[in-house]
Amino acid sequence: MIAAAVTRTEEAPNDTIVRVLREDGSLDPAHDPKLEIDEVVHLYRHMVETRIIDERLVTLQRQGRIGFHIGSLGEEAAIIGSAFAMRQQDWLFPCYREFGAALLRGFKLQRFIDNMFGNANDPVKGRQMPDHYTCKEAHWGSISSPIGTQMTQAVGFAWGAKIEKKALATLVYFGDGSTSSSEFHNAMNFAGVFKTPSIFFCRNNGWAISVPVERQTASRTFAEKGVAYGVPGVRVDGNDLFAVIAVTRDAIRRCEAGEGPTLIEALTYRMGGHSTSDDPNRYRAADEVKPWVDRDPIERIRRYLERNKAWDDNLEEALREDVDKRFREAVTAAESTEPPSLASMFEDVYKKMPWHLEEQRDELLAGPRAPKAH
Amino acid sequence: MPQMNMVQAINDALRLEMARDPRVVIMGEDVGKVGGVFRVTAGLFDEFGDERVIDTPLSEGGIIGAAVGMALYGMVPIPEIQFSDFIFPAYDQIVSELAKYRYRSGGEYPCNMVIRTPVGGGIRGGHYHSQHPESLFIHVAGLKVVCPSNPHDAKGLLLASIRDPDPVLFFEPKRIYRAAKGDVPEGDYTVPLGSAAVTREGRHVTVLAYGAMLYECLDAAAKAAEQGVEAEVIDLRTLWPVDIDTIIASVKKTGRLVVVHEAPKTGGFAGELISLVCEKAFYHLEAPPARVTGFDTPFPYTLEMEYLPLSHRILPALLNTAKA
Chain A
156 MIAAAVTRTE
166 EAPNDTIVRV
176 LREDGSLDPA
186 HDPKLEIDEV
196 VHLYRHMVET
206 RIIDERLVTL
216 QRQGRIGFHI
226 GSLGEEAAII
236 GSAFAMRQQD
246 WLFPCYREFG
256 AALLRGFKLQ
266 RFIDNMFGNA
276 NDPVKGRQMP
286 DHYTCKEAHW
296 GSISSPIGTQ
306 MTQAVGFAWG
316 AKIEKKALAT
326 LVYFGDGSTS
336 SSEFHNAMNF
346 AGVFKTPSIF
356 FCRNNGWAIS
366 VPVERQTASR
376 TFAEKGVAYG
386 VPGVRVDGND
396 LFAVIAVTRD
406 AIRRCEAGEG
416 PTLIEALTYR
426 MGGHSTSDDP
436 NRYRAADEVK
446 PWVDRDPIER
456 IRRYLERNKA
466 WDDNLEEALR
476 EDVDKRFREA
486 VTAAESTEPP
496 SLASMFEDVY
506 KKMPWHLEEQ
516 RDELLAGPRA
526 PKAH
Chain B
15 MPQMNMVQAI
25 NDALRLEMAR
35 DPRVVIMGED
45 VGKVGGVFRV
55 TAGLFDEFGD
65 ERVIDTPLSE
75 GGIIGAAVGM
85 ALYGMVPIPE
95 IQFSDFIFPA
105 YDQIVSELAK
115 YRYRSGGEYP
125 CNMVIRTPVG
135 GGIRGGHYHS
145 QHPESLFIHV
155 AGLKVVCPSN
165 PHDAKGLLLA
175 SIRDPDPVLF
185 FEPKRIYRAA
195 KGDVPEGDYT
205 VPLGSAAVTR
215 EGRHVTVLAY
225 GAMLYECLDA
235 AAKAAEQGVE
245 AEVIDLRTLW
255 PVDIDTIIAS
265 VKKTGRLVVV
275 HEAPKTGGFA
285 GELISLVCEK
295 AFYHLEAPPA
305 RVTGFDTPFP
315 YTLEMEYLPL
325 SHRILPALLN
335 TAKA
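Protein chains in written order, with the working numbering: chain A, 156 to 529; chain B, 15 to 338.
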């Protein structure tokens with residue numbers, strides 16, 4: 156149990172940061188989530204896959220083959236660890252930086268890459284920019300660009316389950332910038348009042364595009380914001396896979412026990428830009444990144460695995476080749492897939508197409524067509 | 015057949031549907047023990063309990079955001095916004111989330127819910143209790159917008175809205191909450207969304223209206239008839255998607271058009287309706303279409319009866335259009 160690190164409302168705010176994976180690669184037994192070594196390998200593979208896909212997608216964007224990507228460089232432990240801790244019946248409400256979690260939950264790589272190209276096989280039919288996919292089978296919400304909107308929705312979803320007495324929890328991802336939005340307040344307040352089985356997972360990655368955390372809050376921590384809403388908060392080393400899993404599981408236990416929501420502040424760092432449209436060199440000193448390179452979550456897990464004789468260079472090379480191959484195949488398939496049909500633009504606005512959309516569809520189909528290179 | 019007012023008819027629809035469908039949940043400020051500031055949800059808290067008739071914290075954005083989440087889960091929430099003037103803190107959740115969820119998820123996630131909210135002026139409510147903001151929502155792809163004018167339609171339209179697979183914004187004209195009375199069938203029936211009603215037949219000019227202003231139009235039409243002008247008054251009932259066939263058939267018959275609404279003139283729904291008629295029946299028009307609307311000012315308190323497009327302003331528009 157991580158309860159000792161949880162800031163309960165009746166206690167003074169607690170700055171303790173839960174850490175499990177020590178510098179030397181050993182685990183703190185007090186919070187050890189006791190993963191099987193195979194599970195750690197499984198998660199390491201997903202973290203590496205996430206990192207490689209991130210790098211490849213940036214390259215594709217630079218080549219002009221996709222329009223945009225918003226990555227998770229350096230935040231893989233926070234994302235993969237929290238998603239892994241959630242049970243199969245639970246639901247995740249994404250921010251936009253968590254494709255690694257979606258893949259871990261069963262979102263097919265091909266569908267993700269199709270989304271990056273907005274083609275006919277894109278789960279959202281080319282209607283949103285890249286990284287704004289959805290996947291109901293993975294119990295994964297739909298991604299919205301406006302900040303924080305998913306928070307009240309995650310609370311409402313969990314609330315519905317509570318009313319129907321179904322045992323599930325929701326986890327909602329958001330960044331430190333989202334805590335400035337009214338949605339954060341609304342969601343925390345509703346979750347606190349109605350004790351919904353909700354987990355608020357704040358990735359404190361240091362930056363909201365070019366604005367640092369000091370411009371998001373005057374609070375000492377994001378976790379202590381829970382105090383105002385009667386929601387316990389916990390701070391965790393977000394680059395420590397084991398610690399993230401431990402605190403998320405603890406939050407699930409609280410949901411199961413009917414104790415309501417938990418706010419998790421995962422301390423991590425956005426090692427890249429906000430997105431491929433952003434150049435962090437304009438507002439961030441290069442030496443700020445260096446300490447976080449040393450805390451790279453993937454390197455830490457690799458050291459752990461090697462210490463436990465569960466990983467080596469050959470396995471690493473095979474993994475990288477496998478991811479690279481699957482990625483290249485997915486890109487080839489996605490690039491050769493047609494765009495969504497013209498008529499599809501008018502579908503799903505309503506369940507049944509009303510007269511005005513039928514008219515506008517027919518008008519578009521009658522032409523003229525937009526130039527190809529737009 | 016029992017007589018009911020609008021409040022009773024809407025309450026009857028809510029009770030009926032809550033009993034029929036366990037997924038239906040009412041949520042909002044004061045909707046529980048008090049039964050809503052207009053008593054529209056009176057008695058439902060006692061009948062269905064606090065998990066289905068939920069007094070929420072005072073936050074429109076929270077109410078709608080949480081309701082969207084409930085709808086995604088598979089419930090059918092009916093959030094109430096106490097006055098439509100208070101809906102704007104929830105505007106982003108309605109416009110960017112609720113209305114878009116089905117589309118942006120490739121059809122995976124429908125949002126079956128109805129937002130109920132009292133609308134309109136004439137109750138001495140001043141600026142923040144009197145606005146009629148339908149055009150701001152009609153412009154939003156993915157929403158359906160309804161505004162009944164009588165108890166029979168209010169019950170039937172609300173039942174249809176709750177069962178509709180798409181999100182519906184249900185504007186309840188509070189000026190006629192208790193003033194509009196009529197026969198309301200007991201038990202289940204629906205008034206289909208997207209169907210207008212020809213409330214008064216006429217051959218000289220078509221009048222399009224909805225909500226409380228329908229009665230002003232009927233009054234003006236009765237007075238116009240005394241002067242030999244027979245106005246055909248159409249109650250739109252569903253504002254969007256609007257019943258275009260009924261509108262065009264009427265304009266083709268009369269050749270003339272007047273549109274009436276409480277909301278400000280510029281960018282209002284009347285402009286859209288006139289454009290539609292011009293696109294589809296321009297050569298049947300024998301006179302310029304006219305709009306009788308609220309003014310492009312914030313809603314005033316003392317002078318609200320001068321602001322509203324009441325029959326004394328509608329009548330000259332009917333006569334002038336009919337004779338132009």
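We treat Cβ as the ideally placed atom computed from N, Cα and C, and that holds for glycine.
Beta carbon proximity, residue i to chain A, threshold 7 Å
i	result
residue 46/B	no
residue 121/B	yes
residue 287/B	no
residue 117/B	yes
residue 104/B	no
residue 282/B	no
residue 86/B	yes
residue 180/B	yes
residue 41/B	no
residue 110/B	yes
residue 82/B	yes
residue 61/B	no
residue 73/B	yes
Closer than 7 Å to chain B by CB, residue i
i	result
residue 234/A	no
residue 172/A	no
residue 511/A	yes
residue 419/A	no
residue 492/A	no
residue 183/A	no
residue 266/A	no
residue 386/A	no
residue 359/A	no
residue 337/A	yes
residue 327/A	no
residue 261/A	no
Classification of residue i by the beta-carbon crowding that lies within 10 angstroms, buried from 16 upward
i	result
residue 390/A	buried
residue 220/B	buried
residue 320/B	exposed
residue 466/A	buried
residue 243/B	buried
residue 280/A	buried
residue 182/A	buried
residue 343/A	buried
residue 166/A	Any reading at residue 166/A needs caution, since the residue's pLDDT is 48, under 50, leaving its predicted position unreliable; the model's value is listed next. The residue in question, residue 166/A, is exposed, as its Cβ has fewer than 16 Cβ neighbours within 10 Å.
Assumed close pair residue i, residue j - CB separation to whole angstroms, cut-off 8 Å
i	j	result
residue 66/B	residue 21/B	Actually they do not touch by this definition, with Cβ atoms about 20 Å apart.
residue 204/B	residue 170/B	5 Å
residue 403/A	residue 354/A	7 Å
residue 226/B	residue 136/B	7 Å
residue 122/B	residue 304/A	Actually they do not touch by this definition, with Cβ atoms about 17 Å apart.
residue 255/A	residue 205/A	3 Å
Limits of the unbroken beta strand (DSSP E) element including residue i
i	result
residue 266/B	Element bounds for residue 266/B: not the beta strand (DSSP E) but the alpha helix (DSSP H), 258-268.
residue 253/B	252-254
residue 275/B	271-278
residue 202/B	It is not in any beta strand (DSSP E) - residue 202/B carries neither H nor E in the DSSP assignment.
CB of residue i within 7 Å of CB of residue j, strictly
i	j	result
residue 474/A	residue 266/A	no
residue 139/B	residue 307/A	no
residue 418/A	residue 385/A	no
residue 202/A	residue 178/A	no
residue 251/B	residue 184/B	no
residue 89/B	residue 29/B	no
residue 247/A	residue 295/A	yes
residue 310/A	residue 83/B	yes
residue 311/B	residue 284/B	no
residue 12/B	residue 247/B	Outside the displayed range of chain B (15 to 338) lies residue 12/B, so it cannot be described from this structure.
residue 94/B	residue 49/B	no
Enclosing alpha helix (DSSP H) for residue i [first to last residue]
i	result
residue 97/B	Run containing residue 97/B: none; DSSP gives neither H nor E here.
residue 295/A	No alpha helix (DSSP H) holds residue 295/A; DSSP gives it neither H nor E.
residue 276/A	Careful: residue 276/A lies outside any alpha helix (DSSP H) and carries neither H nor E.
residue 511/A	510-520
residue 315/A	304-318
residue 446/A	445-449
residue 347/A	337-349
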